[in-house]
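J.: Residue numbers (our numbering), protein chains in the order written: chain A, 1 to 280; chain B, 1 to 90.
Every residue gets a Cβ at the ideal spot worked out from N, C-alpha and C, and that includes glycine.
Pasting a structure here, questions to come.
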Amino acid sequence: MCDWCQQHGDGKKWYLNVKNFSKEFLKDKAVVEAANAFLQNLESFGGMSPPMNAEMLNLKNDEEFSQSVEGMKQGFGSMIPHKGQVVPLEDVRKIIKLAGPIAKISCACRRMLRANFEEKTCIGVGPVYLEYGKEWPDYTRGGVDYISKEEAVELMREFDKKGYVHTFWMDWQSPAIVGFCNCEYPTCAAIRGRRHYGDWLNFFLRKAEYVAMHDYDKCNGCGDCVQRCQFSAITYSPYLEKAIFDMKKCAGCGLCRNACEQGAIKLVPRSEVPAVRSLW
Amino acid sequence: MSMERLRELAIPERTVTVQIDKTKCVGPFECGKCLKNCPAAVFITYPKNRVRGEICDDWDIVADDLFCWGCGVCIEVCPKNAITISELKK
Numbered sequence: 001m002c003d004w005c006q007q008h009g010d011g012k013k014w015y016l017n018v019k020n021f022s023k024e025f026l027k028d029k030a031v032v033e034a035a036n037a038f039l040q041n042l043e044s045f046g047g048m049s050p051p052m053n054a055e056m057l058n059l060k061n062d063e064e065f066s067q068s069v070e071g072m073k074q075g076f077g078s079m080i081p082h083k084g085q086v087v088p089l090e091d092v093r094k095i096i097k098l099a100g101p102i103a104k105i106s107c108a109c110r111r112m113l114r115a116n117f118e119e120k121t122c123i124g125v126g127p128v129y130l131e132y133g134k135e136w137p138d139y140t141r142g143g144v145d146y147i148s149k150e151e152a153v154e155l156m157r158e159f160d161k162k163g164y165v166h167t168f169w170m171d172w173q174s175p176a177i178v179g180f181c182n183c184e185y186p187t188c189a190a191i192r193g194r195r196h197y198g199d200w201l202n203f204f205l206r207k208a209e210y211v212a213m214h215d216y217d218k219c220n221g222c223g224d225c226v227q228r229c230q231f232s233a234i235t236y237s238p239y240l241e242k243a244i245f246d247m248k249k250c251a252g253c254g255l256c257r258n259a260c261e262q263g264a265i266k267l268v269p270r271s272e273v274p275a276v277r278s279l280w
Numbered sequence: 001m002s003m004e005r006l007r008e009l010a011i012p013e014r015t016v017t018v019q020i021d022k023t024k025c026v027g028p029f030e031c032g033k034c035l036k037n038c039p040a041a042v043f044i045t046y047p048k049n050r051v052r053g054e055i056c057d058d059w060d061i062v063a064d065d066l067f068c069w070g071c072g073v074c075i076e077v078c079p080k081n082a083i084t085i086s087e088l089k090k
């Protein structure tokens, strides 16, 4: 856990602190301004494939490009320590209990990277973006569909089965909660960012508070979990005839559990595994 | 910034460049086949000017070619032959 988490976690995980779900944030001018700027500029700003933005991608001169990367990194560095974190399904359930209102909207990354305006996999849960989303119809194409807590849990369970990684996001300037993303590599700007650029990008997306471990004796080497992993953390060893989990790459999303008929995979708290305790 | 610094940030060297001929391209709304089919999701579309309360219909397409594998799927699917991939000579 970083200083930011401890400061805003109230002794718990930051996403389970009810204070961060408060409507009070709407009274803060800086938060409202940041939310509107986000809704206006997300696609052309660094959201797409951090630390890239549209302007930088048009620079084919490597010298200018390098300078832009440095500038962008400093820009990100001045913001809060992390914007998003991977959350497994059990924590998703806990969050939804605290959350309200909940709505589904079209996914920003699918818009940017796949020109798909239909699939509504972004689940907004905080008041901040839902309040202003309606004012930016180009961002919330297809509308803002409000759903109940039960529907939200059911939807998240379906996404989990399908193989989408759940990530939970906060506002870029404050600990205000924004919502869930459900995505995959390479369509998710955040997940692809982590896979492309590695661990230094953890100010953008953090790994979960958990890490996957498998029961070596129970594993029958079927290999079904391998294709479930969106972080390329699992490989199949033909020599051992078992799946191997690279715990340093594991983001702790828990999706591999859906594929394991033996029930051999479980999530353990990251803090209990010394080698990955400080890897976020 | 030196090459070493780029390596430290895991930013790869650009080996291929993807050019989109904007005079031929019909845009992400009417077509968008390059975006939908690219296995590396290299193409990115974004609104040129988004105004509060309005739908923006003018979205531009750029290519994040640092991560392009040069497989050529986009060239195959583009109905207007607007895309070219060229290798950058060292």
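What first and last residue would you give for the alpha helix (DSSP H) that runs through A/Lys218?
T.: A/Lys218 -> no alpha helix (DSSP H), and no H or E assigned at all.
J.: Return the CA-CA distance between B/Ala129 and A/Ala115, expressed in angstroms with no decimal places.
T.: Nothing can be reported for residue 129 of chain B: it is not among the residues displayed for chain B, which extend from 1 to 90.
J.: Going by DSSP, what residue range makes up the beta strand (DSSP E) through B/Glu87?
T.: 83 to 87
J.: Consult DSSP for A/Arg116 and reduce its assignment to one of helix, strand or coil.
T.: The amino acid at residue 116 of chain A is misidentified as Arg; the sequence shows Asn. If DSSP states are grouped into helix, strand and coil, A/Asn116 belongs with coil.
J.: Output, in chain order, the set of chain B residues within a Cβ distance shorter than 8 Å of A/Tyr197.
T.: Here the neighbours are Leu9, Ala10, Ile11.
J.: Is there at least one Cβ from chain B nearer than 8 Å to A/Ala115's Cβ?
T.: yes
J.: From this set, B/Asn81, B/Lys80, B/Thr17, B/Glu54, which residue's C-alpha is nearest A/Arg141's C-alpha?
T.: B/Glu54
J.: Leaving out the 5 sequence neighbours to the left and right, which residues in its chain are closer than 6 Å to A/Pro50 when beta-carbon positions are compared?
T.: Its pLDDT being 49, under 50, A/Pro50 is placed unreliably in this model, and the value from its coordinates should be taken loosely. Around A/Pro50: Gly193, Phe204.
J.: Classify A/Asn20 as helix, strand or coil using the three-state DSSP reduction.
T.: Helix, per DSSP.
J.: What residues match up with B/Ile44 in a beta bridge as DSSP calls it?
T.: B/Val62
J.: Does B/Pro47 have its Cβ less than 8 Å from a Cβ in chain A?
T.: A Cβ of chain A is located within less than 8 Å of the beta carbon of B/Pro47.
J.: Among A/Ser237, A/Arg257, A/Phe231, A/Gln262, which one has its Cα closest to the Cα of A/Met247?
T.: A/Phe231
J.: Contact criterion: CB-CB distance below 8 Å. Does A/Thr187 meet it with respect to chain B?
T.: Nearest CB-CB separation between A/Thr187 and chain B: below the 8 Å threshold.
J.: Is the beta carbon of A/Thr187 closer than 8 Å to that of B/Ala63?
T.: For B/Ala63 and A/Thr187, no; Cβs fall outside 8 Å.
J.: Let me confirm a value: A/Ser106 is counted as buried when at least 16 other C-beta atoms fall within 10 Å, else exposed. Which label applies?
T.: buried
J.: How would you call B/Asn49, buried or exposed, if buried means at least 16 neighbouring beta carbons within 10 angstroms?
T.: Exposed.
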